[in-house]
Amino acid sequence: MKKFLIFIFITILVGSIEINAQLFPTLGGQRAGISTAQFLKLGVGGRATSMADAFIAVADDASALFWNPAGLVHSAQNEIIFSHNQWVADINHEFVGVSYKISTNDAIGFSLTSLHMDDMPVTTEVLPRGTGEYFSYGDVAFAVTYSRKMTEQFSFGASVRYIEETLDKLKMRGMMIDLGTLYWTGLGTSRFAVAITNFGNELAPDGEVVLYGGRKKSDWQSFSPPTMFRIGFAFEPIMDDINRVTASLQLNHPNDNSENVSFGAEYAWKNLLMLRGGYKLNVDEQNFTFGAGVRLPLGIAVVTVDYGFANFERLGSAHRFSIIFGMY
31 MKKFLIFIFI
41 TILVGSIEIN
51 AQLFPTLGGQ
61 RAGISTAQFL
71 KLGVGGRATS
81 MADAFIAVAD
91 DASALFWNPA
101 GLVHSAQNEI
111 IFSHNQWVAD
121 INHEFVGVSY
131 KISTNDAIGF
141 SLTSLHMDDM
151 PVTTEVLPRG
161 TGEYFSYGDV
171 AFAVTYSRKM
181 TEQFSFGASV
191 RYIEETLDKL
201 KMRGMMIDLG
211 TLYWTGLGTS
221 RFAVAITNFG
231 NELAPDGEVV
241 LYGGRKKSDW
251 QSFSPPTMFR
261 IGFAFEPIMD
271 DINRVTASLQ
281 LNHPNDNSEN
291 VSFGAEYAWK
301 NLLMLRGGYK
311 LNVDEQNFTF
321 GAGVRLPLGI
331 AVVTVDYGFA
341 NFERLGSAHR
351 FSIIFGMY
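For any residue, its number in this note's numbering is found by taking its place in the sequence shown, counting from 1, and adding 30.
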């Protein structure tokens, strides 16, 4: 059975690389830059980052609040997650989430996302070095999630998210939804997942700005949210009391860029120490990722600390740290 699943995984992986080489460069590139609220595309958790975000079929803890709401019900305990993302260009991204098991088959969750950076100087055509004033930019999102195990093999989840983006005197607000499914095939530990995130109406800013020369502008173009459709597959080719290896593959279809493929792997020793790695195909600037995690049982609580590194070809690198507190 394990050999059969490995064969399937390798076949899909080779096919994905072939697709990437032949088809992806001609698909979707013309869509770049057509959506807003880009902070919603930044991933959450050191574990997911180190596996190249190939995570919708793997997420089974509080990070599922971001990746796939259907995975939330598979968490073994109530959890709180804190995630810090030291992004490129001195941008900081924070995520806080809480999951609660209502019953064996039901779970709910709440999450808060924030993106922030230092204030920037105001410049004009005649004062390119700054006017002495500063403006701020920041984003925030709040979501409510419900996840249910419909059968022993199939689970479903949904999130409703309110977002607010602030650029100096302008504000943009909107509502979005995430939908996710997770299906265990019955072949070993293999499972498929499908998730669509950030689905909603077009958004436009509110507010008025004064341009150079006293001109005022209050009419703004609307843009679609960064909707993402993902299909993922994962399984454990090795799993016993000491060792576990998880392999995952994910196809990503964003509405504002080319289709891409990501794959990742995780090795766990006694479910206490984890090593991870991954790679992204046909993603601008990004390629390999890696990271590690440690799980610490502390009596009434279990603490998991994860770190993920993502390499960028020209922009440098990004570091993501997360900690999950699990309470029985």
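Yeah, the Cβ is synthetic: ideal placement off N, Cα and C, and Gly gets one too. Note that the structure is a prediction, hence the values are computed from the model and not measured.
| Item | Value |
| --- | --- |
| Residues near residue 49 in its chain [Cβ-Cβ closer than 8 Å; skip 5 each side] | Confidence is the limiting factor: at residue 49 the pLDDT is only 42, short of 50, which leaves the residue's position unreliable, though a coordinate-based value still follows. So the qualifying residues of the chain are 291. |
| Cβ separation of residue 74 and residue 113, assumed to be a contact under 8 Å, to the nearest whole Å | 5 Å |
| Burial state of residue 83, where buried means 16 or more other Cβ atoms lie within 10 Å | buried |
| Continuous beta strand (DSSP E) stretch holding residue 78: start and end | Premise fails: residue 78 lies in the alpha helix (DSSP H), 76-80, not in any beta strand (DSSP E). |
| Spatial neighbours of residue 144 in its chain, beta-carbon cut-off 6 Å, leaving aside the 5 residues before and after | 124, 170 |
| C-beta contact flag for residue 100 and residue 186 at 8 Å | yes |
| Whether residue 341 touches residue 318 by CB criterion (8 Å) | yes |
| Residue 255 burial status per 10 Å Cβ neighbour count (16 or more: buried) | buried |
| Sufficient close CB pairs (3 or more, under 8 Å) joining the region 279-288 to the region 254-271 | yes |
| When 358, 357, 339, 272 are compared against residue 117, the one with the closest alpha-carbon | 339 |
| Cβ neighbour criterion (16 or more within 10 Å) applied to residue 348 | buried |
| Under the three-state DSSP convention, the category residue 214 falls into | strand |
| Residue 56 classed as buried or exposed, judged by whether at least 16 other C-beta atoms fall within 10 angstroms | Annotation note: pLDDT 44 at residue 56 (below 50); position unreliable, coordinate value reported separately. It is exposed - the Cβ of residue 56 has fewer than 16 other Cβ atoms within 10 Å. |
| Under 8 Å between C-beta atoms of residue 260 and residue 301 | no |
| Cα-Cα separation between residue 53 and residue 310, rounded to whole angstroms | Any reading at residue 53 needs caution, since the residue's pLDDT is 45, under 50, leaving its predicted position unreliable; the model's value is listed next. Cα-Cα distance, rounded: 16 Å. |
| Residue 105 vs residue 129 beta-carbon contact at 8 Å | yes |
| Pick from 329, 264, 115, 234 that is closest to residue 279, judged by C-alpha positions | 264 |
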